[in-house]
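Visitor: The sequence shown: position 31 = 171 (the working numbering), numbered continuously.
Glycine included, each C-beta is placed from N, C-alpha and C at the ideal position.
Dumping the structure here so I can ask a few things about it.
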Amino acid sequence: MTTEVPEVSGGRRRPGRRPGRRPGSADTRGEILAAARRVFAEKGFDKATIRGIAREAGVDPALVHHYFDSKEGVFVAAMRLPVDPSAVLPLILSGPREEVGERIVRFILTMTADPAAREPLLGLVRTAMVNEQAVGMVREFFATAVLGRVAEALDVPPLRMEAAFAQLFGVVMTRYILRFEPMASADVEEIVVLVGPAMQRYLDG
141 MTTEVPEVSG GRRRPGRRPG RRPGSADTRG EILAAARRVF AEKGFDKATI RGIAREAGVD
201 PALVHHYFDS KEGVFVAAMR LPVDPSAVLP LILSGPREEV GERIVRFILT MTADPAAREP
261 LLGLVRTAMV NEQAVGMVRE FFATAVLGRV AEALDVPPLR MEAAFAQLFG VVMTRYILRF
321 EPMASADVEE IVVLVGPAMQ RYLDG
């Protein structure tokens with residue numbers, strides 16, 4: 141399954157659309173997502189705004205917040221990612237700091253073990269490898285919404301945080317795209333025991 145970066149429409153509103161539609165219309169939600177994909181493709185994650193997405197969709201910004209809560213939530217839904225970092229990071233960061241590395245590895249591997257959750261994420265990664273717009277969106281999203289938040293919460297230098305992410309990204313690529321054995325069929329907890337301490341060293345210095 142591949143995640144495509146849509147053509148940019150130039151931000152023109154289709155005739156007949158009016159802002160401030162009432163919540164509850166599946167069509168309205170779909171139009172917001174389509175507009176979000178265009179805005180993210182044109183501006184990237186950092187420069188895209190809820191107001192700009194609402195303008196492109198022809199709705200009130202409050203309606204975007206109603207459906208998706210935040211810009212991160214819109215991005216997750218628009219790109220069909222399996223989880224919203226704002227919901228997951230508090231769970232990963234709670235508990236003993238010396239176990240954060242294991243919790244991160246366990247969460248990522250458990251999530252990606254489900255093909256329905258894994259394929260949209262891998263599709264976006266594959267697209268980012270060959271599409272400059274997509275790689276910019278992915279980089280900005282993970283740097284801002286994921287790595288930046290973890291680094292700030294744990295007081296970890298950005299380089300260490302990115303090195304930890306690179307190691308975990310390599311594990312996911314090896315397990316699910318390259319399918320190296322025995323990594324591809326190893327039990328999640330077996331990999332957690334191997335990789336968790338390495339992740340922890342990056343986080344603790």
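If you pair each beta-carbon of the segment 335-343 with each one of the segment 234-246, do three or more pairs fall below 8 Å?
Guide: With the cut-off at 8 Å, the segment 335-343 and the segment 234-246 touch.
Visitor: Spell out a yes or no on whether the segment 320-340 and the segment 270-287 are touching, meaning 3 or more CB-CB pairs, one atom from each, closer than 8 Å.
Guide: No, they do not touch.
Visitor: Please determine, among P236, R169, M313, L294, the residue with the shortest C-alpha to C-alpha distance to G263.
Guide: Selected option, being the one with the closest Cα: M313.
Visitor: Is it buried or exposed for T267, if we count other Cβ within 10 angstroms and need 16 for buried?
Guide: Buried: at least 16 other Cβ atoms inside 10 Å.
Visitor: Could you tell me which of F208, A188, G192 sits nearest to R169, measuring between CA atoms?
Guide: Among F208, A188, G192, the Cα nearest to that of R169 is on F208.
Visitor: For D386, which residues of its own chain have a beta-carbon under 7 Å away from its beta-carbon, when the five flanking residues on both sides are left out?
Guide: What the structure shows of the chain is the stretch from 141 to 345, and residue 386 is not part of that stretch, so it cannot be assessed.
Visitor: Less than 7 Å between C-beta atoms, sequence neighbours within five positions excluded: which residues of the same chain meet that for M301?
Guide: Excluding sequence neighbours, M301 sits near L287, V290, A291.
Visitor: How many angstroms separate the CA atom of D200 from the CA atom of A181?
Guide: Spanning the two alpha carbons is a distance of roughly 21 Å.
Visitor: For the alpha helix (DSSP H) that L262 lies in, which residues bound it at each end?
Guide: Note, L262: alpha helix (DSSP H), 255-270.
Visitor: Can you give me the start and stop residues for the alpha helix (DSSP H) that P225 sits inside?
Guide: Here the alpha helix (DSSP H) through P225 covers 225-233.
Visitor: From this set, V311, G235, D254, M339, which residue's C-alpha is nearest V296's C-alpha?
Guide: When each option's Cα is compared against that of V296, the closest is M339.
Visitor: My guess is that I331 and V270 are in contact by the Cβ rule of under 8 Å, so how many angstroms apart are they, rounded?
Guide: Contact flag wrong, Cβ pair sits at about 28 Å.
Visitor: Once you ignore the five residues that flank L221 on each side, which residues in its own chain have a CB closer than 8 Å to its CB?
Guide: Excluding positions up to five away in sequence, the list reads F215, P260, L261, L264.
Visitor: Any idea if R191 is buried or exposed, counting beta-carbon neighbours within 10 angstroms, 16 or more meaning buried?
Guide: Counting Cβ neighbours within 10 Å, R191 comes out exposed, since fewer than 16 surround it.
Visitor: Should V311 go down as buried or exposed, given a rule of 16 or more other Cβ atoms within 10 Å for buried?
Guide: Looking at its Cβ environment, which holds 16 or more other Cβ atoms inside 10 Å, V311 is buried.
Visitor: For P236, which of helix, strand or coil comes out of DSSP?
Guide: In this structure, P236 counts as coil in the three-state DSSP scheme.
Visitor: If I'm right that S234 touches S210 with Cβ under 8 Å, what's the distance once you round it to whole angstroms?
Guide: Contact flag wrong, Cβ pair sits at about 20 Å.
Visitor: Between the alpha carbons of A174 and A218, how many angstroms are there, rounded?
Guide: Cα to Cα, the separation comes out at about 7 Å.
Visitor: So what's P201 in DSSP terms, helix, strand or just coil?
Guide: DSSP places P201 in helix when its eight states are reduced to three.
Visitor: Quick check on DSSP: helix, strand or coil for I190?
Guide: Three-state DSSP puts I190 in a helix.
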